[in-house]
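Read the structure below first, then the notes.
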Ligand SMILES: Cc1cc2nc3c(=O)[nH]c(=O)nc-3n(C[C@H](O)[C@H](O)[C@H](O)COP(=O)(O)OP(=O)(O)OC[C@H]3O[C@@H](n4cnc5c(N)ncnc54)[C@H](O)[C@@H]3O)c2cc1C
Ligand SMILES: Nc1ncnc2c1ncn2[C@@H]1O[C@H](COP(=O)(O)O)[C@@H](O)[C@H]1O
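Protein chains in written order, with the numbering used here: chain A, 7 to 344; chain B, 206 to 472.
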């Protein structure tokens, strides 16, 4: 069985990242000939299971209790760890969000199982342990770019169960399987799972902000890397994005250098985007960055280095200095727009 | 009131300066090819500890790392910034540890250090960005965890109040000690080393403990204690698109813009 730990949005809906994982979980479950279950922990969940069935969820496990919303580590840890012990899933998938990244490692530690963060792809396959001369079938391949240059690692947990992975929002596609998919729902009695010690951390205040920067849904992204050179130069990218009606994205190197806000980071550990047009300015094209943008419709690369790896996946390459090319783009656009 | 604080620090390859020889053929990191630095968020955790010590001067800060002996560079750095004691756990039997085995060894070492009020660490290490070790150490020590901490608001004997930086906002939480806290990048920067401490610690040796010293169950260490295995490492072969070279001139750029407008991609 595959289990998805579902997160809730502020207004009590299933988070997109969890629905995306349900879609992925469904296709893995079908491939394995097994079921898909989803755990939802929150407060006043009413008919929440109805949001999940269309994604092919066979069984929703729901724990409805005031202590479960907003999210806190220990109560959710108590529920998820017990549910995993009871139901023994082969695979547990969670969002690589600030909730999933807080909860998943604690669960993996408790169950002494493996966990791979920020996977960009999940597949089923076999694994041969040559040193033990053992063959394992139907193993979850947890695939992610690994440290360093152009490298993708496939990670497996042959011996331990469940096999756990986290995935960022936007990496998997969210697709309804069947509006009338028939699933069932089990109500869990939260009081049976929660102890007094789980209240050790109390939330005193919460200030939830609407996300100000929304690059995920932009159809045009002007993205800048370390080659843009400064925060001031990044202003030009904002101008270009503004005239084109797009948003500004950035690489991690640009974010680390303080050229752009962290919310703009695109890539394996940032946001995954699929815009109609992606303009990469002063970006080398490391695998961790490409993981978040290589599904873009059209890619333009502006780079002084003809050998920059990003050029290999670009539809249009301009070899030149961002500071010269971007203002020219703005001028030409103003001249040609209808 | 004084506090016993353990800060988890890690020496990491500077991922900003990754060259082509960064990986070994077997898929492990070629640490020798990269400059090694103090993991940035661990410096933020150290700063939080130093702030506590400033307020409660009798507090004791122990920095702990698992790594090779050359990690004494970051131990000296931490001592020069005001930490009191530095420990490296180092042993061939730790080799090949994933986060589960790492957190197990660190938890054993923390137990050996003795009584503590707080364990602080960085949110994540830049070499893997997993952010797993903190919560896993918390679980092993049966401590509540507060991740993504940004600011320490209050500490009074039994309680700690902190803000946490979330994906979509800020949360203020309160917990009873002892607790494990991971500190995030937006927390205050670490103060610089003091000149006199730099001199004093220039030749300081960290205490080095081997596996036996932390009394572990040996099979939970290193490669044996690590459930995750690397099946394979692929060099990404860039699917080379037949891209168009646009001449970097007004005419070239103008042509590109016209094409994009015609194709209804912009405009
Ligand atoms: C665990 C991990 C996770 C990571 N996650 C991410 C992630 O999510 N997103 C991400 O982006 N990165 C991520 N990285 C970092 C990634 O490996 C690269 O370091 C980063 O993407 C490089 O950013 P860059 O292209 O801006 O900088 P650089 O690699 O320094 O490239 C700068 C480019 O600008 C060009 N240039 C310089 N000057 C000019 C000029 N005047 N005009 C035009 N071009 C110019 C150069 O030729 C070069 O190609 C991660 C790394 C690790 C280890
Ligand atoms: N080998 C180590 N020694 C000491 N602390 C570590 C080690 N690995 C990780 N940590 C701590 O755990 C945090 C998260 O690391 P990671 O899970 O690797 O992203 C780091 O910021 C450190 O505070």
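Built from N, CA and C at the ideal position, the CB exists for glycine as well.
The model shown is predicted, which means the values in this text are computed figures rather than measured ones.
Cβ of residue i within 7 Å of Cβ of residue j?
| i | j | result |
| --- | --- | --- |
| residue 118/A | residue 200/A | no |
| residue 445/B | residue 69/A | no |
| residue 382/B | residue 322/B | yes |
| residue 219/A | residue 269/A | yes |
| residue 301/B | residue 426/B | no |
| residue 62/A | residue 187/A | yes |
| residue 470/B | residue 283/A | yes |
| residue 7/A | residue 95/A | yes |
| residue 162/A | residue 436/B | yes |
| residue 289/B | residue 266/B | yes |
| residue 191/A | residue 89/A | no |
Over what stretch of residues does the alpha helix (DSSP H) that includes residue i continue unbroken?
| i | result |
| --- | --- |
| residue 106/A | 106-117 |
| residue 252/B | 245-260 |
| residue 218/B | Unbroken run through residue 218/B is the beta strand (DSSP E), 216-218; no alpha helix (DSSP H). |
| residue 313/B | 304-318 |
| residue 259/A | 258-262 |
| residue 279/B | 277-286 |
| residue 339/B | 338-345 |
| residue 309/A | Segment 304-309 is the beta strand (DSSP E) holding residue 309/A; no alpha helix (DSSP H) there. |
| residue 197/A | 196-199 |
| residue 28/A | 22-38 |
| residue 339/A | 328-342 |
| residue 346/A | The question about residue 346/A has no answer here: the residues shown for chain A are numbered 7 through 344. |
| residue 91/A | 79-93 |
| residue 437/B | No alpha helix (DSSP H) contains residue 437/B, which is instead part of the beta strand (DSSP E) from 434-440. |
List, in order along the chain, the chain B residues whose C-beta lies closer than 8 Å to that of residue i?
| i | result |
| --- | --- |
| residue 237/A | Residues of chain B passing the Cβ test: none, with the nearest at roughly 17 Å. |
| residue 127/A | Simply none; closest approach about 11 Å. |
Can you tell me where the beta strand (DSSP E) with residue i in it begins and where it stops?
| i | result |
| --- | --- |
| residue 469/B | Taken as a continuous stretch (DSSP letters only), residue 469/B belongs to no beta strand (DSSP E), as it is neither H nor E. |
| residue 152/B | Outside the shown range of chain B (206 to 472) lies residue 152/B, about which nothing can therefore be said. |
| residue 135/A | 127-135 |
| residue 140/A | 140-151 |
| residue 446/B | Counting along the chain, residue 446/B falls outside any beta strand (DSSP E), and DSSP gives it neither H nor E. |
| residue 55/A | Looking at the DSSP string, residue 55/A is not in any beta strand (DSSP E); the run it does join, the alpha helix (DSSP H), is 55-58. |
Can a CB atom of chain B be found closer than 7 Å to the CB of residue i?
| i | result |
| --- | --- |
| residue 207/A | yes |
| residue 123/A | yes |
| residue 293/A | yes |
| residue 21/A | no |
| residue 74/A | no |
| residue 54/A | no |
| residue 198/A | no |
| residue 24/A | no |
Just to make sure I have the definition right: I need the residues of chain A whose C-beta is within less than 7 Å of the C-beta of residue i. Which are they?
| i | result |
| --- | --- |
| residue 353/B | 104 |
| residue 335/B | 123 |
| residue 374/B | 212, 213, 214 and 215 |
| residue 437/B | 160 |
Report yes if the C-beta of residue i is less than 6 Å from at least one heavy atom of ligand 4; otherwise report no.
| i | result |
| --- | --- |
| residue 337/B | As presented, the structure is devoid of ligand 4, carrying ligand 1 and ligand 2 as its sole ligands. |
Counting only beta-carbon separations shorter than 7 Å, does residue i have a partner in chain A?
| i | result |
| --- | --- |
| residue 347/B | no |
| residue 371/B | yes |
| residue 469/B | no |
| residue 313/B | no |
| residue 395/B | no |
| residue 249/B | no |
| residue 340/B | yes |
| residue 459/B | yes |
Find the residues of chain A that neighbour residue i, judging by a C-beta separation of less than 9 Å, and give them in chain order.
| i | result |
| --- | --- |
| residue 463/B | 338 and 342 |
| residue 366/B | 210 |
| residue 380/B | 206, 207 and 208 |
Whose Cβ in chain B lies nearer than 9 Å to the Cβ of residue i?
| i | result |
| --- | --- |
| residue 163/A | 432, 433 and 434 |
| residue 226/A | 470 and 471 |
| residue 283/A | 465, 470 and 471 |
For a contact meaning CB atoms closer than 8 Å, what does residue i contact in chain A?
| i | result |
| --- | --- |
| residue 303/B | 120 |
| residue 489/B | Outside the displayed range of chain B (206 to 472) lies residue 489/B, so it cannot be described from this structure. |
Residues of chain B with CB closer than 7 Å to the CB of residue i, please, in chain order.
| i | result |
| --- | --- |
| residue 321/A | 446, 448 and 449 |
| residue 257/A | The premise fails here: residue 257/A is roughly 11 Å from chain B at the closest Cβ pair, so nothing lies under 7 Å. |
Q: Check whether the region 130-143 of chain A touches the region 50-65 of chain A, counting contact only when three or more Cβ pairs, one atom from each stretch, lie closer than 8 Å.
A: They do not touch, by the three-pair rule.
Q) Just checking, does the region 377-391 of chain B make contact with the region 348-362 of chain B on the three C-beta pairs under 8 Å criterion? A) Taking a contact to require three or more Cβ pairs closer than 8 Å, the region 377-391 of chain B and the region 348-362 of chain B qualify as touching.
Q: Please determine if the region 452-470 of chain B and the region 321-340 of chain A are in contact, where contact requires at least 3 C-beta pairs separated by less than 8 Å.
A: Three or more beta-carbon pairs drawn from the region 452-470 of chain B and the region 321-340 of chain A are found closer than 8 Å, and the two stretches are therefore classed as touching.
Q | Given 8 Å, three or more beta-carbon pairs between the region 279-288 of chain B and the region 207-221 of chain B | A | Between the region 279-288 of chain B and the region 207-221 of chain B there are three or more C-beta pairs closer than 8 Å, enough to call the two in contact.
Q: Determine contact between the region 265-281 of chain A and the region 295-309 of chain A, defined as no fewer than three beta-carbon pairs at a distance below 8 Å.
A: At 8 Å Cβ cutoff, the stretches touch.
Q. Are the region 305-322 of chain B and the region 45-53 of chain A touching by the rule of at least three beta carbon pairs closer than 8 Å?
A. No: the two stretches stay apart, fewer than three of their Cβ pairs being nearer than 8 Å.
Q | the region 221-233 of chain A / the region 246-262 of chain A touching (three or more Cβ pairs under 8 Å) | A | Segments in contact, yes.
Q: Indicate whether the contact test is met: 3 or more Cβ pairs, each with one atom in the region 395-407 of chain B and one in the region 267-278 of chain B, closer than 8 Å.
A: Too few Cβ pairs lie closer than 8 Å, so no.
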